[in-house]
Each structure stands twice: as C-alpha cells, then as structure tokens.
Amino acid sequence: DAKTTQPTSMDCAEGRAANLPCNHSTISGNEYVYWYRQIHSQGPQYIIHGLKNNETNEMASLIITEDRKSSTLILPHATLRDTAVYYCIVTGGFKTIFGAGTRLFVKA
Amino acid sequence: NAGVTQTPKFQVLKTGQSMTLQCAQDMNHNSMYWYRQDPGMGLRLIYYSASEGTTDKGEVPNGYNVSRLNKREFSLRLESAAPSQTSVYFCASSESRTGGELGGTEAFFGQGTRLTVV
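In structure tokens, the structure reads:
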C-alpha cells in the first residue's frame, strides 16, 4: 500500500470549513483513498473514501486531484465534536496501514 | 446491531501470563483485523483474516497468535505477555475485497481493549 503524508496538527474555527490535506504520490491505479477519524481514545470511525472522483456524504467531502497524488478532506461546518485525529489511508488490499494522522483542533 | 464487540475492555497482566482477546461482529463481514495502538501513535496491523478459515500476518505479528473461530469471531492470543505489549487493541471488520474489485469497503472498529502488562 502507498504511504501518505499529513500535517501533524491543524486548527479550525467552529462553524468554518476544515480542509485536511493528504499527499499520496506513490498511489497505484487500483488503490483507494480512505479517511477515518479517531475521537479521543475511541475506535476509528470511517468517514469517506474514493478512487478517482470527488465524493460527498453526510459527514464530509473528498477532493482527489486529477493525478491522484493528493487529496483533501473537507468538513464543511466544523463543530467542537469534530476535534479528533484524522487518518488518510491509501489501500488496495487487506494490509491497511494507518499513519500518525492529523490532529484537528476545532476552537470556539 | 452491536457492530464489533470486544472483550474485555480493560485487562492487567503480569509479565509471562497469557490471555485471549475476544472479538465478534454481527454484520456478516468476511474480513476481520487486529490492530494495536501505542500512546500518541497510529494503529499498527497485527494480523488479519481475509475470510473465514484464513489468517495472515500484518506489520507487527511477533508475540501474538490469532484464531478465526467462525465468520463472526476473531480472537487474539498473547502466549507470554511482555511489557512491550502494553497497548490498546482494536478489532475491526469489513466486507471482503474479492476478485479484481480491490478496496471500496470501509472497516468498522470495536471500542478497544486497554491492556497493561506489568
């Protein structure tokens, strides 16, 4: 599976959009981009995934660049409850590897 | 539906003791996983089971054994616990990725087992 690079931490004001970047320059053609988050010490929670096209669900939007070497997770209206560690993962098989993620702090 | 259930939630072991962490899922998923998470770090894959009857090593399998008891249950055993195995252990399950359709399914995680080896 391809490796990913994410910023260690980010801040966001409550009510504003949170844009979390991820670089995955070695992604292969059959690998998907997944985003999970982990709130405090709970089990990770699935957010969204995509292959080539941009995706949107009730939680977030995922923007994947045309060359697929990077992506951005967008939380459109961040709330205090969105404070968490966000993991960007690239995987095409079973050995899903989690990196250190981005710690997002949403501030009032 | 309960999703993924792990037992126990907390455990303290003495060095050299053995124990089995239990995991069960009720979503009829084919694939199951065991991860560990050390303080301030991401999750590391210990073992996974792509489907009932199969198991494979992940990133950090040493010191652990697994059993895929049936489609619902996937257990993790520590034969001789060491302080380095102090961690939070997460079990997860997902639909299997079959044929040429790799990826495309999300994993569901349990709430974790907090293990301390003294």
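Each protein sequence line maps, in turn, to chains A and B. For the first sequence, my numbering gives the first residue as 5, with consecutive numbering after it. For the second sequence, my numbering gives the first residue as 2, with consecutive numbering after it. Idealized CB from N, CA, C, for every residue including glycine. Bear in mind that the values here come from a model prediction, so they are computed numbers and not experimental data.
TODO: Check the Cβ-Cβ distances between T100 (chain A) and every residue of chain B, and say whether any is below 8 angstroms.
DONE: yes
Open item on the list: By the three-class DSSP mapping on this structure, what secondary structure does G101 (chain B) have?
Closed with: Residue placement at G101 (chain B) is poorly supported in this model, since its pLDDT is 34, which falls under 50; the coordinates are not used for a value here.
- [ ] Round the Cβ separation of G111 (chain B) and V5 (chain B) to the nearest angstrom and send it over; I've been treating them as touching at under 8 angstroms.
- [x] 4 angstroms
- [ ] Would you be able to state if there are at least three C-beta pairs under 8 angstroms between the region 16–31 of chain B and the region 76–95 of chain B?
- [x] yes
Open item on the list: I'd like to know whether the C-beta of H28 (chain A) is nearer than 8 angstroms to at least one C-beta of chain B.
Closed with: no
Open item on the list: Any beta carbon from chain B within less than 8 angstroms of Y50 (chain A)'s own beta carbon?
Closed with: yes
TODO: Could you tell me whether any Cβ in chain B is nearer than 8 angstroms to the Cβ of G103 (chain A)?
DONE: yes
Open item on the list: I want to know whether the region 97–106 of chain A touches the region 67–82 of chain B - three or more CB-CB distances under 8 angstroms.
Closed with: no
- [ ] Using beta-carbon positions only, say whether T117 (chain B) and V13 (chain B) come within less than 8 angstroms of one another.
- [x] yes
Open item on the list: Taking the beta carbon of P80 (chain A) as the centre, do at least 16 other beta carbons fall within 10 Å, making it buried, or is it exposed?
Closed with: exposed
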